[in-house]
Structure formats: C-alpha cells, structure tokens
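Asker:
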Amino acid sequence: MKVKSESEVAQSRDAYIYVYIKSASSALNKQARQRLTTCAALPEKLRSLLGSGPGPGGRAALCRHCAGRPSAHVVRLLGHLCAGLRFRPRSNWDSAVGWQAMELGVSSQLWLWLLLLLLPPVPGREKESGSKWKVFIDQINRALENYEPCSSPNCSCYHGVIEEDLTPFRGGISRKMMAEVVRRKLGTHYQIIKNRLYRESDCMFPSRCSGVEHFILEVIGRLPDMEMVINVRDYPQVPKWMEPAIPIFSFSKTLEYHDIMYPAWTFWEGGPAVWPIYPMGLGRWDLFREDLVRSAAQWPWKKKNSTAYFRGSRTSPERDPLILLSRKNPKLVDAEYTKNQAWKSMKDTLGKPAAKDVHLVDHCKYKYLFNFRGVAASFRFKHLFLCGSLVFHVGDEWLEFFYPQLKPWVHYIPVKTDLSNVQELLQFVKANDDVAQEIAESERQRTSKELQDIYKAAISAGIIGWAYGGIPAFIHAKQRYIEQSQAEVYHNQLDAVQSAHRAATRGFIRYGWRWSWRTAMFVTIFNTVNTGLNVYRNKNALSHFVIAGAVTGSLFRINLGLHGLVAGGIIGALLGTPIGSLLMALQMYCGETVQERKQKDRKAFQELKLEERKARLQFTELLPEEIESNLQKDQSKDDAQKIEALLNLPRNPSSTDKQDKD
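Per UniProt numbering, the sequence shown starts with residue 1, numbered consecutively.
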C-alpha cells in the first residue's frame with residue numbers, strides 16, 4: 001500500500017471537511033442559513049464554507065437573533081450538522097485516505113457533541129424570546145409575592161373597602177345633610193322603621209330598585225332604624241370637589257368620587273337588557289353562574305379557541321382600538337360591536353353592520369376574554385372569571401366593591417386604557433400558554449377548605465364505622481358457621497374453609513355497611529353544623545360543639561317522635577360538651593387554634609403555588625434592545641406632546657396692553 005505524505009493527508013482531510021460541512025448544511029433552509037452565516041458569532045471560514053461571506057462593508061455583525069447570546073446559533077448550527085452527517089469514504093479515494101477521513105469524521109462527531117454539552121442550552125422555539133417576556137414575568141412574580149388571599153370565610157377582607165368609603169363621614173351625618181341629599185334627587189330615598197322598609201314612590205329603574213330591595217329585606221331584621229339614598233343610575237353622583245361630601249350609595253365609581261359602593265342590583269335582577277338573549281337582563285347571579293360553570297366544564301383549556309374574543313355594544317370609545325385591531329388581524333382578535341338601545345346607524349358600530357349578540361356561556365369557548373368599562377364599571381366582569389378563561393381587564397379607573405380583592409397578574413391580565421400594549425400581551429400569553437392557564441385557573445372558585453374537611457371527615461368516619469361493625473361481625477359469623485356446620489359433610493378441607501369465609505364475608509359486608517353509613521352521617525351532620533357556625537361567627541367556641549351535638553342527636557332520634565327528638569337533643573348536647581372541650585384543650589396545648597391553622601394552611605398553599613408557578617416561568621436575564629428603544633420613543637413622544645401643549649396655552653396680557661386698555 002502506498003503511504004501518503006503528511007501534506008497529502010492534510011489536503012485530503014481539508015477536502016473531506018469541506019464536503020462534510022457543505023453537505024450537512026443542506027439541512028438548513030435558505031433563510032436560516034443566510035441568517036446564521038452572516039452572523040459574526042460564527043468563524044469566517046465556517047461562514048465561507050456555508051456559502052456566504054461577510055455582511056455589508058466586508059465585516060460581519062451579530063445578527064439580531066443572537067440576542068446577545070452568540071453561542072445559541074453556534075449550537076443550533078452544529079446540531080443541524082450532526083443530524084445531517086453521513087461518514088462514508090468516497091470510492092475514488094484510496095483506503096488510507098478513506099480510513100483517515102473516517103477517523104476524522106468520528107472524532108469530529110464526538111467533538112461536536114461534547115461542545116453541545118459544554119455550551120449553554122438553547123431554549124426551544126417558544127422560549128427563544130424568553131428575555132423579551134422578562135418584564136411581564138417579573139410583574140407576575142412580584143404580584144404573587146405580595147398577594148394575600150381573603151383568608152376570612154365571612155368576607156371580612158372587604159371591610160377595608162367599607163371603611164375607606166365611610167372615611168369622609170367619620171364626623172357624623174346630620175339630619176340637615178340627609179335632607180339636602182333627598183332634596184337634590186340624586187338617588188332613591190329609603191327608610192327603615194321598626195324592621196319595615198319604605199321607599200319613595202319614584203324610581204328611575206324599577207327593576208334595579210327591586211334588586212336592591214331584595215337584599216335589604218334579607219337582612220332587615222338585623223338593621224336599626226335608618227334612612228339612606230341609593231343611586232341606581234350607572235354613574236356616581238358625589239365628586240370629591242363637592243363640599244361638604246354627602247352620603248350616597250352607588251354601585252360603581254372612580255377614585256374621584258365620594259360615593260359609597262354597594263353590591264349592585266344585578267346579583268338578583270335588573271341587569272342590562274339585551275334583546276333577544278337577555279330581554280329581562282342577565283338574571284339571578286346564583287343561577288347564571290351555574291350555567292357558566294357547566295359551560296366551562298364543556299370547554300377545558302386545551303379545547304378552547306386561542307383567539308382573543310369580545311362582543312359588546314359601543315358604550316365607551318375605549319373599546320374602539322380592539323375592534324379596529326380585530327379587523328386588521330382577525331386571527332389574533334375576534335372583536336365586534338353589537339347593537340344597544342342607543343344604536344341608530346352603522347356609525348355607532350364604526351362603519352360596519354352590527355354583529356349578533358352572543359350569550360355569555362358561549363364566551364367560554366375562547367381562551368382570552370376582554371373586559372372593558374361601559375358607561376361605568378362593566379357588569380360582565382364577574383361572569384367572565386367563571387369561564388375558566390384568561391381575562392384581559394382594560395383600564396383600572398372604574399371600581400366595584402369587589403375589585404380591590406382582584407389583583408392584576410394574579411387573577412387577570414391588566415391592559416392599558418389606550419390598548420397600546422395589547423398585541424404584546426397577547427403574544428406573551430400565546431408564547432407562555434402554561435402561565436396563561438395558571439392565571440386563568442386561579443380565577444375560578446374552588447371547593448372551600450371547610451367543605452373539603454367535611455368530605456374527608458365523612459369518608460374517614462365511614463371507614464372507621466365499617467371496621468368497627470364489620471370486623472367483629474366477620475369473626476362472629478365465621479365462628480357461628482363453624483359451630484352450626486359440625487354435622488355437615490364436605491368434599492375436602494378447602495371446601496369447608498371457603499364456606500366459612502363466605503359466611504364471614506357476608507357478615508362483614510352486612511354489619512359493616514350498617515355502622516359505616518350511620519357513623520358517616522352522624523359525623524357529617526355534626527361537622528356541618530359546627531363548621532357553619534364557625535364560618536358564620538368567624539370564631540371557634542364550645543357552644544358550637546354543644547349546638548352541633550344537640551342537632552345531630554335530635555335528627556338521629558326523630559323517628560321516635562317528639563320525646564325521641566328532645567331526648568336525642570339532650571344526649572347530643574351532653575356528648576358535644578366533652579368532645580368540644582377536649583378538642584379545644586388540645587388546640588390550646590398545641591398553641592394553635594382552628595382559625596390560626598386555617599390561615600396557616602392558606603398561606604402555605606399560596607406559597608406552594610407561588611413556587612410552582614416560579615418554577616414554570618423560564619426566562620433569560622437579558623432584555624432585548626428593541627423593548628428599551630420602544631420605551632424611550634414612547635417617553636420622548638409624551639414629552640414632546642406635553643411641551644407642545646404648554647406652548648399652545650394662552651399667554652397673560654402684558655403690562656403695556658393693560659395700560660392701553662385703561
């Protein structure tokens with residue numbers, strides 16, 4: 001065999017490397033190859049081998065796709081090369097060169113894979129722009145860290161809203177002040193005298209007044225004599241410049257008003273009437289939410305349409321940008337205007353025919369739902385959360401009483417009033433679908449901890465009761481069968497043992513079931529009454545155990561008539577007293593009450609949820625220069641507009657002009 005010289009071997013090696021990389025690069029499409037080979041992150045020889053020289057001016061520059069991470073494209077290119085390699089020596093090469101090239105190819109492959117392992121990992125296609133979303137992800141993390149859920153089961157976390165609204169009236173409300181409120185006709189005048197409700201004859205919206213009165217009558221037995229003025233219009237009535245402030249209840253307001261917020265009439269009736277789907281308004285909240293929950297169950301997250309969705313009338317021009325964006329990019333947003341009572345022509349729907357009204361349960365088909373203010377706060381906001389979709393809430397000016405407990409980036413995505421960031425936000429949630437799903441699921445109301453405890457206690461009691469009644473019955477039935485079957489003739493010992501076990505199993509099932517359902521029922525009734533009292537009164541007391549025992553004992557002996565009812569109640573109360581005392585003593589010994597434990601559990605759950613969500617948020621530390629430049633441009637534009645506005649202000653007349661006029 002003829003041996004090649006070192007120079008000849010080197011020449012053959014270079015030729016093989018050229019063919020090696022040139023053929024492997026065919027795995028890249030033309031656009032990707034052009035992007036990579038014009039990037040200064042790659043060596044010049046490698047760029048020339050791939051068929052592209054330096055960029056304009058004879059010098060290659062970092063392409064924008066590197067985003068400050070040159071190794072990312074090197075790794076990607078090498079990955080394509082490794083995938084496209086075929087180590088086969090050409091037939092016209094002699095065996096020496098062929099084997100040398102094969103050795104070179106194998107060592108090169110190992111070197112490439114080692115390089116892939118040593119270099120930083122490259123994010124996938126959806127994660128490449130992780131740095132771009134760092135702004136939003138940081139906001140989510142901060143919101144979760146600062147979020148404290150409403151840990152009180154009796155909604156005392158809303159007391160802060162009441163106290164803030166009543167602050168202007170800490171000095172008291174005089175008869176003269178109330179007379180002024182009534183005289184101005186800023187709302188409907190109500191009076192409660194001896195637990196009876198009175199109202200003036202005039203009411204601008206009778207159905208709204210009916211909704212308000214429904215809830216007043218629910219609690220009128222606990223209210224003292226009083227009078228009040230309730231505004232059932234859409235707009236608040238007491239601006240902050242009004243002196244002195246006068247007490248008027250309104251369902252919605254901004255921070256520029258002194259109105260006192262109250263739960264709107266729409267929780268019962270009198271919501272916005274939309275013909276033909278809601279001719280009498282949205283209807284009762286307690287019934288409507290069940291329809292929304294059923295619709296949400298039919299449309300889980302993975303089945304929802306990923307297009308952003310909105311249907312509504314043009315009650316506010318703030319909705320216009322979304323409608324125009326939908327016409328420009330219908331795949332991103334599906335938003336159209338519908339008719340309302342004030343509709344006159346297509347000018348009211350931005351020059352297009354009005355769309356058909358869509359039932360709210362059909363909104364649940366979409367992943368992203370928009371909420372806008374109307375004349376005041378939107379009535380649909382609370383309904384959208386029950387769809388299990390991600391809510392985009394536009395603007396933060398208008399409030400209802402429950403808004404302060406809804407936190408941006410925890411329960412919904414906040415959008416600027418002018419919608420200048422809406423496209424970027426939609427791109428963010430589409431690129432981070434798991435994050436969007438986390439927020440959407442946090443909006444929905446889950447089974448309360450109290451109910452879960454009742455379920456667990458009932459199941460545990462059922463198992464214990466089955467064991468208590470079934471195990472002795474199993475042993476007794478087996479022994480009794482053996483005693484009664486002494487004269488029986490069996491084919492073999494196995495047949496006799498199986499017969500005894502079958503008799504024992506029947507006894508276990510029969511008597512175990514009897515004790516199981518009774519024990520589970522007893523514990524369920526007892527825990528339901530005790531937990532209900534704890535939640536209602538927001539404290540744990542011995543009297544709750546006594547009442548729970550009396551109710552449970554009475555129900556279990558009700559089949560014996562009145563005497564059984566009374567006797568069962570007394571026995572239950574006597575049993576509830578030592579049980580409650582024992583449990584409360586254990587709590588005091590452990591240094592933690594039930595209420596403290598519940599708060600601790602809620603806090604631990606939220607911390608766990610925060611850690612899980614943080615683990616799912618993956619991003620790089622670098623922000624793209626494009627976002628920074630856009631922010632600077634926006635800031636410079638705002639500054640220019642402010643300067644121009646100042647220059648256009650009318651000037652004060654000079655002193656000479658004043659003298660001439662005099």
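For every residue, glycine included, the Cβ atom is placed at its ideal position computed from N, Cα and C.
I'd like to check one pair, residue 364 with residue 296: are the Cβ atoms closer than 8 Å?
Answerer: For the purposes of this step, residue 296 is identified with residue 296 of the sequence shown, where counting begins at 1. For the purposes of this step, residue 364 is identified with residue 364 of the sequence shown, where counting begins at 1. Closer than 8 Å, so yes.
Asker: Could you tell me the boundaries of the alpha helix (DSSP H) in which residue 160 lies?
Answerer: Start at 1 with the first residue of the sequence shown, and residue 160 comes out as number 160. Unbroken alpha helix (DSSP H) run through residue 160: 159-166.
Asker: Just list the beta strand (DSSP E) runs in the segment 391-465, keeping only unbroken ones of 3 residues or longer that don't cross its boundaries, in chain order.
Answerer: For the segment 391-465, whole beta strand (DSSP E) runs of length 3 or above, ordered along the chain, are 413-415.
Asker: Residues bridged to residue 189 by DSSP?
Answerer: Residue numbering aside, residue 189 sits at position 189 when the sequence shown is read from its first letter. The partner list for residue 189 (beta bridge, DSSP) reads 229.
Asker: Considering only their Cβ atoms, is the gap separating residue 225 from residue 194 smaller than 8 Å?
Answerer: As a working mapping, residue 194 is identified with position 194 in the sequence shown. As a working mapping, residue 225 is identified with position 225 in the sequence shown. Yes, these two residues count as a Cβ contact at 8 Å.
Asker: Which of helix, strand or coil does DSSP assign to residue 257?
Answerer: One-based indexing of the sequence shown puts residue 257 at position 257. Note: residue 257 maps to strand in three-state DSSP.
Asker: How is residue 245 classed by DSSP in three states: helix, strand or coil?
Answerer: As a first step, residue 245 must be located in the sequence shown, where it is residue number 245. Coil at residue 245, not helix or strand.
Asker: When you compare each of 450, 283, 203 to residue 270 by their alpha carbons, which one comes out closest?
Answerer: Indexing the sequence shown from 1 puts residue 270 at position 270. Residue 270 has its Cα closest to that of 283, out of 450, 283, 203.
Asker: Check residue 367 in the structure and name its three-state DSSP category.
Answerer: Here residue 367 refers to the residue found at position 367 when the sequence shown is read from its first residue. Note: residue 367 maps to strand in three-state DSSP.
Asker: Does residue 207 come out as helix, strand or coil in the three-state DSSP assignment?
Answerer: As a working note, residue 207 is residue 207 in the sequence shown. Residue 207 falls in the helix class under three-state DSSP.
Asker: Count the other C-beta atoms from every protein chain shown that fall within 10 angstroms of the C-beta of residue 294, then say buried if there are 16 or more, exposed otherwise.
Answerer: Locating residue 294 in the sequence shown gives position 294, where the first residue counts as 1. When all chains shown are included, residue 294 counts as exposed.
Asker: Of the residues 466, 476, 305, 482, which one's Cα is nearest the Cα of residue 513?
Answerer: Numbered from its first residue, the sequence shown carries residue 513 at position 513. Nearest option by C-alpha distance: 466.
Asker: Counting along the chain, where does the beta strand (DSSP E) carrying residue 312 start and finish?
Answerer: Sequence index remark: in the sequence shown, residue 312 carries index 312 (1-based). Where residue 312 is concerned, the enclosing beta strand (DSSP E) stretches over 305-313.
Asker: Examine the Cβ distances between the segment 250-263 and the segment 327-343 and report whether three or more of them are shorter than 8 Å.
Answerer: As far as the Cβ criterion goes, the segment 250-263 does not touch the segment 327-343, which means the pair count is below three.
Asker: Using alpha carbons as the reference points, say which of 344, 287, 398 lies closest to residue 250.
Answerer: Stepping through the sequence shown from its first residue, residue 250 is reached at position 250. Per the Cα distances, 398.
Asker: Roughly how many angstroms lie between the CA atoms of residue 511 and residue 474, to the nearest whole one?
Answerer: Your numbering for residue 511 matches position 511 in the sequence shown. Your numbering for residue 474 matches position 474 in the sequence shown. Whole-angstrom Cα-Cα distance: 9 Å.
Asker: Given a threshold of 16 other Cβ atoms within 10 Å of its Cβ, counted over all protein chains shown, does residue 236 qualify as buried or as exposed?
Answerer: For this step, residue 236 is matched to residue 236 along the sequence shown. Under this definition residue 236 is a buried residue.
Asker: I need the DSSP call for residue 290, collapsed to helix, strand or coil.
Answerer: Translated into the one-based positions of the sequence shown, residue 290 becomes position 290. Residue 290 falls in the helix class under three-state DSSP.
Asker: Alpha carbon to alpha carbon, how far is residue 150 from residue 401?
Answerer: In the sequence shown, the residue the question calls residue 150 occupies position 150. In the sequence shown, the residue the question calls residue 401 occupies position 401. Cα to Cα, the separation comes out at about 14 Å.
Asker: Suppose contacts are defined by Cβ-Cβ distances below 8 Å. Is residue 147 in contact with residue 407 by that definition?
Answerer: Residue mapping note: residue 147 aligns to position 147 of the sequence shown, counting from 1. Residue mapping note: residue 407 aligns to position 407 of the sequence shown, counting from 1. Yes; because the gap between Cβ atoms is below 8 Å, this pair is in contact.
Asker: Between which two residues does the alpha helix (DSSP H) harbouring residue 274 extend?
Answerer: Against the sequence shown, residue 274 aligns to sequence position 274. Careful: residue 274 lies outside any alpha helix (DSSP H) and carries neither H nor E.
Asker: Between residue 232 and residue 204, how many whole angstroms is the CB-CB distance? I'm expecting something under 8 Å.
Answerer: For the purposes of this step, residue 232 is taken as residue 232 along the sequence shown, with counting starting at 1. For the purposes of this step, residue 204 is taken as residue 204 along the sequence shown, with counting starting at 1. Right, their Cβ atoms sit about 6 Å apart.
Asker: For residue 564, which residues in the same chain have their Cβ closer than 7 Å to its Cβ, ignoring the five residues on either side in sequence?
Answerer: Walking along the sequence shown from the start, residue 564 turns up at place 564. 557, 558.
Asker: List, from N- to C-terminal side, the alpha helix (DSSP H) runs of 4 residues or more that fit wholly inside the segment 494-574.
Answerer: The qualifying runs are 542-556.
Asker: In three-state DSSP terms, what is residue 330?
Answerer: Looking up residue 330 in the sequence shown gives position 330. Looking at residue 330 - three-state DSSP - the assignment turns out to be coil, as it is neither helix nor strand.
Asker: Sort 485, 156, 471 by Cα distance to residue 537 and report the nearest one.
Answerer: Here residue 537 is taken as the residue at index 537 of the sequence shown, counted from 1. Cα-wise, what sits closest to residue 537 is 156.
Asker: Verify whether the separation of the beta carbon atoms of residue 338 and residue 311 is less than 8 Å.
Answerer: Taking the first residue of the sequence shown as 1, we reach residue 338 at position 338. Taking the first residue of the sequence shown as 1, we reach residue 311 at position 311. Yes; because the gap between Cβ atoms is below 8 Å, this pair is in contact.
Asker: On a CA-only basis, which of 476, 288, 162, 439 is nearest residue 143? Give me that one, please.
Answerer: Position 143 of the sequence shown, counted from the first residue, corresponds to residue 143. Among 476, 288, 162, 439, the Cα nearest to that of residue 143 belongs to 439.
Asker: Which whole-angstrom value is the C-beta distance of residue 385 and residue 394, which I expect to be below 8 Å?
Answerer: Along the sequence shown, read from residue 1 onward, the residue named residue 385 stands at position 385. Along the sequence shown, read from residue 1 onward, the residue named residue 394 stands at position 394. That pair is no contact at about 15 Å.
Asker: Is residue 349 near the ligand PLP, with its Cβ less than 7 Å from a heavy atom?
Answerer: Absent from the structure shown: the ligand PLP. Ligands present: none.
Asker: Could you tell me the distance, in whole angstroms, from the CA atom of residue 137 to the CA atom of residue 160?
Answerer: The residue given as residue 137 occupies position 137 in the sequence shown. The residue given as residue 160 occupies position 160 in the sequence shown. Rounded to whole angstroms, residue 137 to residue 160 spans 29 Å at the Cα level.
Asker: Given 8 Å as the limit, is there contact between the segment 357-376 and the segment 316-329, that is, 3 or more CB pairs closer than that?
Answerer: Contact between the segment 357-376 and the segment 316-329 is present, because at least three Cβ pairs lie under 8 Å.
Asker: Are there 16 or more other CB atoms within 10 angstroms of the CB of residue 186, so buried, or fewer, so exposed?
Answerer: Taking the sequence shown and counting its residues from 1, the one referred to as residue 186 is at position 186. With 16 or more Cβ atoms within 10 Å of its Cβ, residue 186 is classed as buried.
Asker: Whole-angstrom Cβ separation of residue 554 and residue 532, contact assumed at under 8 Å?
Answerer: Position 554 of the sequence shown, counting from 1, holds the residue named residue 554. Position 532 of the sequence shown, counting from 1, holds the residue named residue 532. That belief does not hold up - the Cβ atoms of residue 554 and residue 532 are roughly 16 Å apart, past 8 Å.
Asker: Look up residue 585 in the DSSP assignment and say whether it is helix, strand or coil.
Answerer: Position 585 of the sequence shown holds residue 585. Three-state DSSP puts residue 585 in a helix.
Asker: Report all residues from its chain with a CB closer than 8 Å to the CB of residue 124; omit the five preceding and five following residues, and keep chain order.
Answerer: Stepping through the sequence shown from its first residue, residue 124 is reached at position 124. Because the pLDDT at residue 124 is just 38, under 50, the model does not fix this residue reliably, and the value given afterwards should be weighed accordingly. So no residue of the chain qualifies.
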